[in-house]
Structure formats: C-alpha cells, structure tokens
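To keep things clear, I will list the structure first and then write my remarks on it.
Residue numbers (the numbering used here): 2 to 253.
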C-alpha cells in the first residue's frame, strides 16, 4: 500500500515511524526544510492513501492541488477541521477518515479515535483500522462532534501527564531530593503506574487507588489535599472543558 503523508511535524513523524516498515511511505512537507515538496512528486505517482498531517491553519493554502488524488482515501489528523471543509477543497465525493491520534503513537501506545464520512467503504475502514492498530488502540466515534471531546481528553492528554510528572519532580526537590533523583523517580512512578493500568484492565482506577491507600497513612494524607473542595477532579473537568471549547472555536 502506498501512503503519501503531507506534513512531518511531531505527530506526522510519530505516525510515519510506526508505518514506515510496513508500507511504502512518501512524505512531503511544504514548510519543513529538507522534506520533499508536492511539486517534486513524479507525474505518474499515485498513492492509495493520503494522510493530512499539517497544522489546520495551513490547509486552506495547501490542499487544493491534492484534488488530483481525489479517488484515494484521505486520512486527516488535523484537529478541528470538519469534513465539510475538506469537501470544499477536494470535492464532495472525497473519501475521508478523520482521526485524532495522540503523541504516544511514537512508541506504539497511542489512543486514536476515528470516523469515516459517508463516501467511505468497508474496505476503507479496514485500511484505517489496520494503520491505527500498528500504533496503539483505536475506537470509532458515533459523530463528528465527539472529536472535540477526544481532542481534550486523549489528544491533549499527554501534556497533562507530562505536567503531572513535572509537578512531582518539583515537589520532590522542594522536600530535599536531588534534581536527578526526583526526575528519575517521578518518571518511573508514572511509567510503572501506567503499566499496571494496562496490565490489569479488569481493575478500575478507583479500586487501584484504594489498594495503595491505607487508612490513616501517608497516601490518604496526600489524597485529602488532592480531593478536597478545590479538587484535582474539579480542575481536570474545567481543563478538559476549556480544551473542548477551544477545539470547537477552531472548527468555526
């Protein structure tokens, strides 16, 4: 299968890494120095799949020439760009799959949501799922509106976890640990905890939390701070709502 990827930023390069060994992959990027450009593709080149991995604000400028591939399956990972806009650039008969991946696809541990437009076939869906399976887990959405929620949860989610790691490191240093020690133990704590969530799928998060929390112990003392009236849950609900609303704004 021939894949043409437009864009080689953080997410595009992460997906490319997961697909390069299994597919014939060609990458073009109109903005990145050293990358091939659309105009340099051989005249007889024709991909099976075109992956759109450039920043949303650049699409208006760069999409129209790709209408020559309108009989291919297009896969867009551009956050907030609705199907109707791609139809404007590429034609009403475009076969389009919208996908919201996240950065852990770079280590094949991504969480990817997808939705096919009405022109796609069962074979197209099988292609999309085969691609996503190579870089993590995937789920099909019921409607396009839910992309805003997925963007807020899993698309932006890695940044929240990285920030949690950052906070743990800082708190550890404030209490006397060296910078190297605090970084190493904060990271390994998050890595190890993530592995238990993966390896113990039958256990929900509240149960796993309770298993670590002894009555009257140190964990309980910490959780009383994190779960008070201005709780971490309240902050996360506000944070995801803010991200979701911003995603909705970008789609207008």
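We put the CB at the ideal spot given by N, CA and C, even for glycine.
{"Check": "Between the beta-carbon of residue 78 and the beta-carbon of residue 50, is there less than 7 angstroms?", "Outcome": "no"}
{"Check": "Looking only at its chain, what residues have a beta carbon closer than 6 angstroms to the beta carbon of residue 151, apart from the 5 residues adjacent to it on each side?", "Outcome": "101, 114"}
{"Check": "Short of 6 angstroms in beta carbon distance, which residues of its chain neighbour residue 58, apart from the five on each side in sequence? Order them along the chain.", "Outcome": "none"}
{"Check": "I need the boundaries of the beta strand (DSSP E) containing residue 54, first residue and last residue.", "Outcome": "Note, residue 54: premise wrong, no beta strand (DSSP E); not H, not E."}
{"Check": "I need the boundaries of the alpha helix (DSSP H) containing residue 243, first residue and last residue.", "Outcome": "233-251"}
{"Check": "Once you ignore the five residues that flank residue 121 on each side, which residues in its own chain have a CB closer than 6 angstroms to its CB?", "Outcome": "96"}
{"Check": "Assess contact between the segment 58-67 and the segment 12-29, defined as three or more Cβ pairs (one per stretch) separated by less than 8 angstroms. Is contact present?", "Outcome": "no"}
{"Check": "Enumerated in chain order, which unbroken segments of the beta strand (DSSP E) with a length of 3 residues or greater are wholly contained in the segment 118-147?", "Outcome": "137-141"}
{"Check": "Is it the case that the Cβ atoms of residue 29 and residue 37 are separated by a distance below 7 angstroms?", "Outcome": "yes"}
{"Check": "Between which two residues does the beta strand (DSSP E) holding residue 78 run?", "Outcome": "Run containing residue 78: none; DSSP gives neither H nor E here."}
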